[in-house]
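Each remark here refers to the structure printed beneath this line.
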Amino acid sequence: MREEHNMKVLIAGGAGFIGSTVASACLDNGLTPVILDNLSTGRAEFTRDRIFYQGDIADGALIDRIFAEHPDIEAAVLAAALIVVPESVEQPLRYYRENVAKSIDFVDHLLRNGCGKVLFSSSASIYRPGEDFSVDENSPFAPLSPYAQTKAINEAILEDTANAHDLRVISLRYFNPIGADPAMRTGLQLRQPTHVLGKMITAAESDDVFTVTGTDWPTRDGSGIRDYIHVWDLALAHVQALRRFEKVLPADGAKRYEAINVGTGNGVTVRELLNAFEEALGRPLRTAEAECRPGDSAGCYARTERAGELLDWHATLSVADGIRHSLQWSAMRDSVLRD
1 MREEHNMKVL
11 IAGGAGFIGS
21 TVASACLDNG
31 LTPVILDNLS
41 TGRAEFTRDR
51 IFYQGDIADG
61 ALIDRIFAEH
71 PDIEAAVLAA
81 ALIVVPESVE
91 QPLRYYRENV
101 AKSIDFVDHL
111 LRNGCGKVLF
121 SSSASIYRPG
131 EDFSVDENSP
141 FAPLSPYAQT
151 KAINEAILED
161 TANAHDLRVI
171 SLRYFNPIGA
181 DPAMRTGLQL
191 RQPTHVLGKM
201 ITAAESDDVF
211 TVTGTDWPTR
221 DGSGIRDYIH
231 VWDLALAHVQ
241 ALRRFEKVLP
251 ADGAKRYEAI
261 NVGTGNGVTV
271 RELLNAFEEA
281 LGRPLRTAEA
291 ECRPGDSAGC
301 YARTERAGEL
311 LDWHATLSVA
321 DGIRHSLQWS
331 AMRDSVLRD
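Dropping the structure here:
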């Protein structure tokens with residue numbers, strides 16, 4: 001079958017946490033990643049022994065060179081983006097420039113080079129949750145931060161472009177990635193990550209207080225609810241989307257655009273995550289409570305039927321696996337990343 005051949009894939013943002021993990025999953029499954037990253041947040045260490053071009057996704061000359069040197073690239077993964085919600089509230093123009101304006105340029109460069117298949121890294125932060133906090137792909141949008149807005153805007157741009165050009169796009173709406181590559185090739189590159197599990201690890205390592213931000217959300221225990229997906233499961237969803245692209249969006253079909261939730265289908269509150277973390281750690285953390293941060297939401301979790309049906313994919317790793325791999329990576333991070 002043609003879908004099992006060795007496909008070459010351009011991964012924009014392939015030196016970041018998620019992009020590098022996607023590249024590892026590609027390598028493990030017979031796909032060849034070509035990495036493009038400007039290293040503003042990505043790490044050169046994560047590109048070792050991989051085809052790598054350092055530069056910007058908006059650099060047309062560089063992208064022309066990549067395709068000249070790799071004319072067999074069949075698809076692109078657009079995972080390059082700034083992702084810190086509070087920072088996006090403080091610096092909206094920077095986020096719109098990096099995440100939207102440059103993505104427009106990138107897609108233009110792809111089209112010029114005849115690359116008509118794109119996997120877009122979207123986000124569940126675009127959704128307005130239902131009463132039970134679950135969302136499917138038809139749930140209404142209500143992005144609460146400039147970061148989330150950039151994802152919703154990019155989806156609209158990509159869908160309009162797919163309908164006008166020789167382009168097909170699958171938007172994977174990520175929920176909350178945790179963990180690290182189980183083989184420990186890559187992990188979160190930040191020494192002090194801003195997301196909730198990263199803050200728990202920082203608190204554990206430095207005997208600081210972990211703060212539960214937001215305690216009066218209308219959830220079962222008042223803390224925010226999220227769908228914590230292991231980054232390796234997330235990466236394997238990309239492999240499946242690349243392998244099954246022609247099934248999901250046939251070249252001769254009327255449909256040019258598809259959005260798919262990539263989550264576990266389980267909602268976990270911050271307090272429940274904290275309990276699981278303390279269990280993995282073998283001791284309690286010191287904790288405090290505070291108001292929610294700008295741009296925060298009560299959260300949501302995925303309804304995942306579409307991923308099962310279209311990608312033949314389901315999450316298989318648990319929250320406990322994610323915590324264990326995050327702790328394992330954190331303990332060895334500084335020996336992998338020299339900074």
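Reading the sequence shown from the start, the letters are residues 1 to 339 in the UniProt record's numbering.
Glycine included, each C-beta is placed from N, C-alpha and C at the ideal position.
Since the structure is predicted, the reported quantities are computational estimates derived from the model, not experimental observations.
Looking only at C-alpha atoms, which of the options sits nearest to residue i?
| i | options | result |
| --- | --- | --- |
| residue 262 | 103, 227, 289, 102 | 227 |
| residue 355 | 81, 137, 12 | Outside the modelled stretch of the chain, which goes from 1 to 339, sits residue 355, for which no answer is possible. |
| residue 64 | 23, 190, 109 | 109 |
| residue 191 | 301, 41, 297 | 41 |
| residue 299 | 308, 45, 269, 81 | 269 |
| residue 224 | 169, 234, 91, 273 | 273 |
| residue 204 | 19, 69, 252, 330 | 330 |
| residue 320 | 284, 279, 336 | 279 |
| residue 80 | 54, 194, 61, 312 | 54 |
| residue 133 | 118, 73, 218, 183 | 218 |
| residue 153 | 98, 267, 216 | 98 |
| residue 254 | 26, 83, 112, 163 | 163 |
| residue 7 | 328, 45, 70 | 70 |
| residue 156 | 33, 246, 100 | 100 |
Use the C-beta contact count for residue i: other C-beta atoms within 10 angstroms, 16 or more gives buried, fewer gives exposed.
| i | result |
| --- | --- |
| residue 353 | Limits of the chain in this structure are 1 at one end and 339 at the other, which puts residue 353 out of reach. |
| residue 179 | buried |
| residue 206 | exposed |
| residue 338 | exposed |
| residue 128 | exposed |
| residue 38 | buried |
| residue 176 | buried |
| residue 143 | buried |
| residue 93 | exposed |
| residue 2 | Below a pLDDT of 50, predicted positions are generally treated as unreliable, and residue 2, at 41, falls in that range; the measurement from the model is reported next regardless. Counting Cβ neighbours within 10 Å, residue 2 comes out exposed, since fewer than 16 surround it. |
| residue 335 | exposed |
| residue 61 | exposed |
| residue 19 | buried |
| residue 309 | exposed |
| residue 15 | buried |
Taking Cβ to Cβ, would you say residue i is nearer than 9 Å to residue j?
| i | j | result |
| --- | --- | --- |
| residue 239 | residue 158 | no |
| residue 95 | residue 150 | yes |
| residue 259 | residue 121 | no |
| residue 17 | residue 36 | no |
| residue 214 | residue 290 | yes |
| residue 249 | residue 243 | no |
| residue 188 | residue 333 | yes |
| residue 103 | residue 235 | no |
| residue 75 | residue 9 | yes |
| residue 302 | residue 210 | no |
| residue 306 | residue 137 | yes |
| residue 326 | residue 201 | yes |
| residue 89 | residue 145 | yes |
| residue 241 | residue 119 | yes |
| residue 86 | residue 284 | no |
| residue 83 | residue 34 | no |
Would you say residue i faces chain D, with C-beta separation under 9 Å as the test?
| i | result |
| --- | --- |
| residue 324 | The structure shown contains no chain D; it holds only a single protein chain. |
Assuming residue i and residue j form a contact by the criterion Cβ under 8 Å, report the distance between their Cβ atoms to the nearest whole angstrom.
| i | j | result |
| --- | --- | --- |
| residue 296 | residue 232 | Rounded, the Cβ-Cβ distance is 27 Å, inconsistent with contact. |
| residue 276 | residue 323 | 6 Å |
| residue 173 | residue 123 | 6 Å |
| residue 114 | residue 168 | About 13 Å separates the two Cβ atoms, so there is no contact after all. |
**OP:** Identify every run of the beta strand (DSSP E) within the stretch 229 to 310, keeping only runs that are complete inside it and at least 3 residues long; order them along the chain.
**Re:** 257 to 262, 286 to 290
Subject >> 4-residue-minimum alpha helix (DSSP H) runs that sit fully inside the stretch 46 to 121, ordered along the chain >> reply: 60 to 69, 85 to 90, 92 to 95, 102 to 112
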